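Before any comments, here is the structure.
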Amino acid sequence: MLELKSVSAGYGSFQALFGVSIEVRRGEAVAVIGPNGAGKTTLMRVISGLLETTSGEIAMEGRSLLDIAPHEIVATGIGHVPENRRLFPRMTVEENLKMGAFAPAARGKYKERLAFVYDLFPAMMERRNQMAGTMSGGEQQMCAIGRALMTGPSLLLMDEPSAGLAPVIVQQVFDLVRRIRDDGYTVLIVEQNVRQVLKLVDRAYLLEAGTVKSGGTAEELLGSESLRKAYVGI
Amino acid sequence: MSLGAVNTGLTGARALQAAGIGVLLILPFLGGSDYFMHILIQVLIWAFIYTSWALMGRLGLVSLGHGAFMGIGAYTVVLLWNFLGITPWLGIPIGVVLAVLLALVIGFPCFRFRIVGHYFALVTLALGEVVRLTIIALRDHTGGSLGLTPNRFGDGTSWYALQFADKEYFYYIALAVWLAGLGIWVLVDRSMMRYALIAVGEDEGAAASLGIRVTVQKLRITALSAALTALGGGLYAQYLTYVNPSIVSGVTVSLHIVFAVIVGGMFTAFGPTVGALFTITLSEILRISFGAQIIGLDLSIYGLLLILFIIFLPKGILGSLQDLAAKRAREAKAD
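Protein sequences, first through last, are from chains Y and F. To convert a position in the first sequence, counted from 1, into the working numbering, add 54. To convert a position in the second sequence, counted from 1, into the working numbering, add 97.
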């Protein structure tokens with residue numbers, strides 16, 4: 055479904071990704087794990103077109119994403135839940151969701167998708183007229199996921215959904231991700247919370263210093279001695 | 098509040114608006130002096146220009162260079178009339194097109210490379226000065242700092258030349274344009290573009306990740322604002338039958354626009370109009386009381402007021418009054 059072939063990218067003279075190749079197949083949940091500064095967020099931004107690649111190839115369903123603008127990438131069915139949620143704090147929950155359906159192609163399906171998101175997250179329905187910035191971290195994450203779902207994606211990119219949340223809430227957020235998955239979405243998730251995320255996904259890649267160090271099924275990675283010592287802490 | 102009360106509230110506001118427009122329509126027949134009509138026309142034209150600025154200013158695109166668009170609108174119409182004999186009916190649209198082109202040429206690199214906030218304000222500040230200096234430099238045609246007068250056509254009253262000896266004509270033209278400006282405000286206010294630009298103002302990256310075309314949205318509102326400002330400039334030139342770089346262009350004009358809108362309130366449709374009413378009345382009172390004894394006094398008072406407004410009434414006169422009314426209503430409801 056989504057394929058990256060030896061993708062390199064960076065910010066100015068600083069290179070963050072060195073020939074990264076990953077693949078996500080339809081219906082899968084795939085994680086990219088790794089320490090701070092490994093290039094995980096950069097990877098997400100490159101897929102969404104928010105950052106240009108310096109070399110390599112990215113394709114969604116066989117269509118190259120390299121020379122098309124972010125709004126066209128959204129139209130191919132890639133929804134992005136950005137790092138730190140990035141809601142519009144002084145807009146209401148419903149206005150935030152509305153912005154997810156801004157693209158002309160999505161507007162016709164606004165009502166239908168809004169009903170779907172409220173059905174999925176009844177808490178958002180209750181808080182629809184509340185300013186998004188005044189909600190708790192977990193609710194904000196819910197709203198951010200809902201906003202990305204409003205774009206009508208088939209593949210959902212989730213950038214550190216558990217970052218900055220209290221441990222209890224982290225558990226809830228991972229439950230949300232599981233529900234999204236079970237609803238038939240393909241998910242590519244970036245996480246530092248390795249132990250939790252490996253319980254959730256089918257496969258994972260380990261990204262370190264901008265390169266893919268290893269990859270495999272969640273069980274394989276959990277079984278790997280070095281990975282367990284370095285990231286899982288057990 | 099019950100639904101019925103909401104409805105009466107709305108009809109009340111509608112009735113008030115209709116009554117207001119009715120009064121404005123018959124005003125010239127009430128026998129006001131030429132001076133009174135002059136002030137009214139000024140208020141209407143400036144209110145239209147202020148509204149045009151606020152269309153983008155309220156969405157976080159603070160331009161300190163709208164004098165550029167006004168100057169282009171004003172000078173284009175007069176120059177085309179004087180040198181090529183082109184009627185203002187064509188001259189004004191040409192000025193509008195030129196202003197839009199300039200807005201796009203300046204706006205595109207700014208928005209594409211994410212020049213926002215103070216940096217955007219500085220770019221526009223420079224733009225205003227560039228246009229003013231260009232007008233002065235082209236003095237063979239524009240008359241430089243001395244300004245320019247459109248050639249008189251016939252006996253001074255002609256629809257073809259958009260020149261009128263009586264003030265009533267311009268009063269109705271200005272009234273129509275001002276109402277159209279308010280109409281455009283309401284349309285923008287209800288549009289998805291407004292939401293998109295608020296979202297962009299709050300978090301440009303997040304907006305882009307949802308498929309909002311940040312550059313396109315910003316360019317649209319900037320082009321609209323520039324177009325209306327140029328139209329206001331052209332109209333103002335026709336009304337005064339005189340243009341001069343410092344009254345239709347440059348930093349002074351640009352900052353005046355920003356000041357008046359902040360004073361009136363930039364987040365409500367009538368805010369810029371209240372700003373025009375307030376600043377023009379104030380400067381007339383100061384001019385009549387002090388005359389030419391203390392030149393520049395009005396500007397000093399403006400500056401002082403601007404500081405006070407930004408600190409104490411950041412939503413402007415109308416915005417603050419509306420907040421107060423809303424608070425009263427809530428308290429009344431609580432009782």
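Idealized CB from N, CA, C, for every residue including glycine. Just so we're clear, the structure is a prediction, and the values are computed from it rather than from any experiment.
Name, please, each residue of chain F whose Cβ falls closer than 9 Å to the Cβ of residue i.
i                       : result
proline 143 of chain Y  : Glu299, Asp300
proline 215 of chain Y  : Within 9 Å Cβ-Cβ: nothing; proline 215 of chain Y doesn't reach chain F, min ~14 Å.
arginine 201 of chain Y : Ala303, Leu307
Applying a beta-carbon distance threshold of less than 8 Å, which residues of chain F neighbour residue i?
i                         : result
methionine 153 of chain Y : Tyr292, Ala293, Ala296, Ala304, Leu307, Ile309
threonine 205 of chain Y  : Leu307, Gly308
proline 136 of chain Y    : Gly302, Ala303, Ser306
Give the residues of chain F in contact with residue i, contact being defined as C-beta atoms less than 7 Å apart.
i                        : result
arginine 140 of chain Y  : Asp300, Gly302, Ala303
valine 128 of chain Y    : Leu307, Gly308
arginine 181 of chain Y  : Neighbours of arginine 181 of chain Y on chain F: none; closest Cβ ~18 Å, over 7 Å.
glutamate 149 of chain Y : Tyr292
Quick one: what's got a C-beta closer than 7 Å to residue i's C-beta in the same chain, skipping five residues either side?
i                         : result
glycine 192 of chain Y    : Leu219, Ile223, Gln226, Val227
methionine 290 of chain F : Gln314, Arg317, Ile318
threonine 246 of chain F  : Thr338, Tyr339
methionine 98 of chain F  : Model confidence at methionine 98 of chain F stands at a pLDDT of 39, short of 50, so the residue's coordinates are unreliable and nothing is read from them.
aspartate 213 of chain Y  : Thr95, Met98, Val135, Pro136, Glu137, Val244
leucine 433 of chain F    : Given that chain F is displayed from residue 98 to residue 432, the structure contains no residue 433 of chain F and the question cannot be resolved.
glutamate 42 of chain F   : Outside the shown range of chain F, which is 98 to 432, sits residue 42 of chain F, and nothing can be said about it.
Residue i versus chain Y: which residues are under 7 Å apart at the beta carbon?
i                         : result
methionine 289 of chain F : Phe156
Determine, using beta carbons only, whether residue i and residue j come nearer to each other than 8 Å.
i                            : j                            : result
leucine 254 of chain Y       : isoleucine 132 of chain Y    : no
isoleucine 270 of chain F    : leucine 332 of chain F       : yes
leucine 12 of chain Y        : valine 171 of chain Y        : Here chain Y covers residues 55 to 288 and nothing more, so residue 12 of chain Y does not appear.
alanine 144 of chain F       : tryptophan 275 of chain F    : yes
serine 62 of chain Y         : threonine 108 of chain Y     : yes
alanine 85 of chain Y        : alanine 198 of chain Y       : no
phenylalanine 156 of chain Y : asparagine 150 of chain Y    : no
tryptophan 178 of chain F    : serine 322 of chain F        : no
serine 351 of chain F        : histidine 163 of chain F     : yes
glycine 330 of chain F       : phenylalanine 208 of chain F : no
valine 120 of chain F        : leucine 222 of chain F       : no
threonine 240 of chain Y     : arginine 182 of chain Y      : no
phenylalanine 356 of chain F : leucine 403 of chain F       : yes
leucine 328 of chain F       : isoleucine 189 of chain F    : yes
glycine 200 of chain Y       : alanine 160 of chain Y       : no
leucine 488 of chain F       : tryptophan 186 of chain F    : Outside the displayed range of chain F (98 to 432) lies residue 488 of chain F, so it cannot be described from this structure.
phenylalanine 375 of chain F : valine 360 of chain F        : yes
leucine 152 of chain F       : valine 311 of chain F        : no
glutamine 194 of chain Y     : proline 215 of chain Y       : no
arginine 233 of chain Y      : leucine 174 of chain Y       : yes
phenylalanine 267 of chain F : isoleucine 377 of chain F    : no
Short of 6 Å in beta carbon distance, which residues of its chain neighbour residue i, apart from the five on each side in sequence? Order them along the chain.
i                      : result
proline 89 of chain Y  : none
leucine 100 of chain F : Annotation note: pLDDT 46 at leucine 100 of chain F (below 50); position unreliable, no value reported.
serine 268 of chain Y  : Leu260
Could you name the residues of the same chain whose beta carbon sits closer than 8 Å to that of residue i, not counting the 5 residues immediately before and after it, in chain order?
i                         : result
alanine 217 of chain Y    : Glu137, Asn138, Gln246
alanine 102 of chain F    : Reliability of the predicted coordinates at alanine 102 of chain F is poor, the pLDDT of 49 falling under 50, and no value is obtained from them.
alanine 334 of chain F    : Gly170, Ala171, Tyr172, Val174, Val175, Pro247, Val340, Val345
methionine 179 of chain Y : Tyr172
glycine 238 of chain Y    : Gly81
Bridge partners for residue i per DSSP, in chain order?
i                            : result
arginine 257 of chain Y      : Y:Val84, Y:Thr271
serine 109 of chain Y        : Y:Ser62
glycine 133 of chain Y       : Y:Leu210
glutamine 69 of chain Y      : Y:Gly64
cysteine 126 of chain Y      : The displayed chain sequence assigns glutamate, not cysteine, to residue 126 of chain Y. The partner list for glutamate 126 of chain Y (beta bridge, DSSP) is empty, contrary to what the question assumes.
phenylalanine 255 of chain F : In the sequence under discussion, the amino acid at residue 255 of chain F is serine, which differs from the phenylalanine named in the question. Its beta-bridge partners are F:Gln260.
arginine 117 of chain Y      : Y:Met114
valine 340 of chain F        : F:Leu245
threonine 376 of chain F     : According to DSSP, which records beta bridges pairwise, threonine 376 of chain F is partnered with nothing at all.
leucine 56 of chain Y        : Y:Val78, Y:Met114
methionine 185 of chain Y    : Y:Thr146
Requested in this report: Could you run through the segment 101 to 117 of chain Y and flag, in chain order, every residue whose CB is less than 8 Å away from some CB of chain F?
Outcome: Ser102, Leu104
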